[in-house]
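Colleague: Would you mind keeping the following structure in view while I ask a few things?
In the numbering used here, the protein residues as written are -11 to 279.
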């Protein structure tokens, strides 16, 4: 299908781009998109084997208090995967990790196993014990700690794989057919302290909100790319091609104003007259030029 309009000898045609630009490669994105999928290469390139590796590294890079919050979190007992307990005899803090045994009846009750111990002065040291504490956290622990960081924005990414691909920052369950089976979380998009500071000049509630909106906009653009909503226009005079431009991403009604801004004076009035045509460009041009 194409969208076409003709006025006198002038014809404007919008059609799908067969060789679309990848907004994660060809544009200059603000955020970072990290994804994991067995069949598709999505988002930006990265070196993380698992989401836990990524979240752990992101939290490590975001720490600005010397690790005090991590230590207090583990001491509090609120962490799901680990805890710190003081041993008065050895005068060291002991790190315990939670384990489950898989049995024929399912998971066992959790048990706590001693991982490492260290004196107080090593708790906030960026060395091996700090890394051991981070490694002991579950993915939910890491999400909770990152959510407390006011200078990082991280949004989940969900993929819907059903007769095509679609990506969103919110779940497809309840709003797409068979989403219970054909969708799930595939990664994250985020912007860290330096990204926000470099792009907005300061970190305030206002710039945080604006940065979040930028990330959401980038996901919408990438979604259009995955769905195949990639367009280009061509202009014709008496059936002869005069100009063309490609790389417009989004729903057809969303890209029309953008296309109008690229058209030369006198041509943009045809945008409001565009109508869907279920024929090829060649067939349409033949019809309007012969007529």
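Even glycine gets a Cβ: it sits at the ideal position worked out from N, Cα and C.
Please read all numbers here as calculations on a predicted model, not as lab measurements.
Indicate whether residue 19 and residue 179 have their beta-carbon atoms separated by less than 8 Å.
Modeller: Taking the first residue of the chain shown as position 1, residue 19 is located at position 31. Taking the first residue of the chain shown as position 1, residue 179 is located at position 191. Cβ distance < 8 Å, so residue 19 and residue 179 count as in contact.
Colleague: Mapping the DSSP letters down to three states, classify residue 153 as helix, strand or coil.
Modeller: As a first step, residue 153 is located in the chain shown; it is residue number 165 there, counting from the start. Residue state, collapsed to three classes: strand.
Colleague: In this structure, how does DSSP classify residue 125 when only helix, strand and coil are distinguished?
Modeller: Sequence index remark: in the chain shown, residue 125 carries index 137 (1-based). Correct three-state label for residue 125: coil.
Colleague: Does DSSP classify residue 197 as helix, strand or coil?
Modeller: Sequence index remark: in the chain shown, residue 197 carries index 209 (1-based). The answer is helix: DSSP assigns residue 197 an H, G or I state.
Colleague: Where does residue 179 sit, in a helix, a strand or coil, going by DSSP?
Modeller: As a position in the chain shown, residue 179 is number 191, starting the count at 1. Residue state, collapsed to three classes: strand.
Colleague: What alpha helix (DSSP H) runs, 4 residues minimum, are completely inside the segment 3 to 81?
Modeller: Complete alpha helix (DSSP H) runs here, min 4: 39 to 50 and 56 to 64.
Colleague: Rounded to the nearest angstrom, what separates residue 280 and residue 196 at their Cα positions?
Modeller: Residue 280 is absent from the structure shown; the chain starts at -11 and stops at 279.
Colleague: With a Cβ-Cβ cutoff of 8 Å, do residue 40 and residue 127 count as a contact?
Modeller: Numbered from 1 along the chain shown, position 52 holds the residue referred to as residue 40. Numbered from 1 along the chain shown, position 139 holds the residue referred to as residue 127. Result yes, Cβ atoms of residue 40 and residue 127 sit closer than 8 Å.
Colleague: Grab the span of the alpha helix (DSSP H) containing residue 245 for me, first residue to last.
Modeller: The count along the chain shown starts at 1 and reaches residue 245 at position 257. Where residue 245 is concerned, the enclosing alpha helix (DSSP H) stretches over 240 to 250.
Colleague: Tell me whether residue 119 sits in a helix, a strand or coil according to DSSP, three-state version.
Modeller: Position 131 of the chain shown, counting from 1, holds the residue named residue 119. Residue 119: helix per DSSP, three-state reduction.
Colleague: Quick check: what's the CA-CA separation for residue 88 versus residue 137?
Modeller: As a first step, residue 88 must be located in the chain shown, where it is residue number 100. As a first step, residue 137 must be located in the chain shown, where it is residue number 149. Roughly 30 Å between the two C-alpha positions.
Colleague: Run through DSSP, which three-state label would residue 227 get?
Modeller: By 1-based counting over the chain shown, the position of residue 227 is 239. Correct three-state label for residue 227: coil.
Colleague: Distance check for residue 116 and residue 85, CA to CA, integer angstroms please.
Modeller: By 1-based counting over the chain shown, the position of residue 85 is 97. By 1-based counting over the chain shown, the position of residue 116 is 128. Spanning the two alpha carbons is a distance of roughly 16 Å.
Colleague: Would you tell me roughly how many angstroms separate the C-alpha atoms of residue 7 and residue 168, rounded to the nearest one?
Modeller: Here residue 7 refers to the residue found at position 19 when the chain shown is read from its first residue. Here residue 168 refers to the residue found at position 180 when the chain shown is read from its first residue. Between residue 7 and residue 168, the C-alpha separation is close to 32 Å.
Colleague: Can you give the Cα-Cα distance for residue 161 and residue 148, rounded to whole angstroms?
Modeller: The count along the chain shown starts at 1 and reaches residue 161 at position 173. The count along the chain shown starts at 1 and reaches residue 148 at position 160. Going by the C-alpha atoms only, they are around 9 Å apart.
Colleague: List the endpoints of the continuous alpha helix (DSSP H) containing residue 274.
Modeller: As a position in the chain shown, residue 274 is number 286, starting the count at 1. Looking at the DSSP string, the run of the alpha helix (DSSP H) that includes residue 274 is 269 to 278.
Colleague: So the alpha helix (DSSP H) residue 169 belongs to, where does it begin and stop?
Modeller: If you number the chain shown from 1, residue 169 lands on position 181. Looking at the DSSP string, the run of the alpha helix (DSSP H) that includes residue 169 is 167 to 170.
Colleague: List the whole-angstrom C-beta distance separating residue 219 from residue 2, where the pair is believed to meet the contact cut-off of C-beta under 8 Å.
Modeller: On the chain shown, position 231 is the one that residue 219 refers to. On the chain shown, position 14 is the one that residue 2 refers to. Between residue 2 and residue 219 the Cβ distance is about 6 Å, and since that is below 8 Å, they are a contact.
Colleague: Residues bridged to residue 236 by DSSP?
Modeller: For the purposes of this step, residue 236 is identified with residue 248 of the chain shown, where counting begins at 1. Note: residue 236 sits in a beta bridge opposite 219.
Colleague: By the 10 Å Cβ neighbour count, where 16 or more other Cβ atoms means buried, how is residue 206 classified, buried or exposed?
Modeller: Working through the chain shown from its first residue, we reach residue 206 at position 218. Label assigned to residue 206: buried.
Colleague: Hey, would you say residue 273 sits closer than 8 Å to residue 224, going by beta carbons?
Modeller: Translated into positions along the chain shown, residue 273 becomes position 285. Translated into positions along the chain shown, residue 224 becomes position 236. Contact flag set, yes.
Colleague: DSSP three-state call for residue 137: helix, strand or coil?
Modeller: Within the chain shown, residue 137 is the residue found at index 149, counting from 1. Coil.
Colleague: Between the beta-carbon of residue 83 and the beta-carbon of residue 120, is there less than 8 Å?
Modeller: In the chain shown, the residue the question calls residue 83 occupies position 95. In the chain shown, the residue the question calls residue 120 occupies position 132. Cβ atoms of residue 83 and residue 120: closer than 8 Å.
Colleague: How many Å lie between residue -4 and residue 229 at the Cα?
Modeller: To locate residue -4, count along the chain shown from 1; it is residue 8. To locate residue 229, count along the chain shown from 1; it is residue 241. For residue -4 and residue 229, the distance between alpha carbons rounds to 15 Å.
Colleague: Give a yes or no on whether the C-beta atoms belonging to residue -10 and residue 269 are separated by under 8 Å.
Modeller: The sequence position of residue -10 within the chain shown is 2, counting from 1. The sequence position of residue 269 within the chain shown is 281, counting from 1. Contact: yes.
Colleague: Under a three-way DSSP split, which group does residue 184 fall into?
Modeller: As a working note, residue 184 is residue 196 in the chain shown. In the structure shown, residue 184 sits in a helix (DSSP, three-state: H, G or I).
Colleague: Reducing DSSP to helix, strand and coil, say where residue -8 ends up.
Modeller: Start at 1 with the first residue of the chain shown, and residue -8 comes out as number 4. Here residue -8 sits in strand by DSSP.
Colleague: Within 10 angstroms of the Cβ of residue 194, are there 16 or more other Cβ atoms? Answer buried if so, exposed if not.
Modeller: Counting from 1 along the chain shown, the entry for residue 194 is found at position 206. Residue 194 is exposed by the Cβ-count criterion.
Colleague: With DSSP run on the structure shown, which of helix, strand or coil describes residue 212?
Modeller: Taking the chain shown and counting its residues from 1, one reaches residue 212 at position 224. Three-state DSSP puts residue 212 in a helix.
Colleague: Between the C-alpha atoms of residue 122 and residue 44, what's the straight-line distance to the nearest angstrom?
Modeller: As a position in the chain shown, residue 122 is number 134, starting the count at 1. As a position in the chain shown, residue 44 is number 56, starting the count at 1. Their backbone Cα atoms lie some 7 Å apart in a straight line.
Colleague: Evaluate residue 64 with the Cβ neighbour count: other Cβ atoms within 10 Å of its Cβ, from every protein chain shown; 16 or more gives buried, anything less gives exposed.
Modeller: Walking along the chain shown from the start, residue 64 turns up at place 76. Exposed, since its Cβ has fewer than 16 Cβ neighbours within 10 Å.
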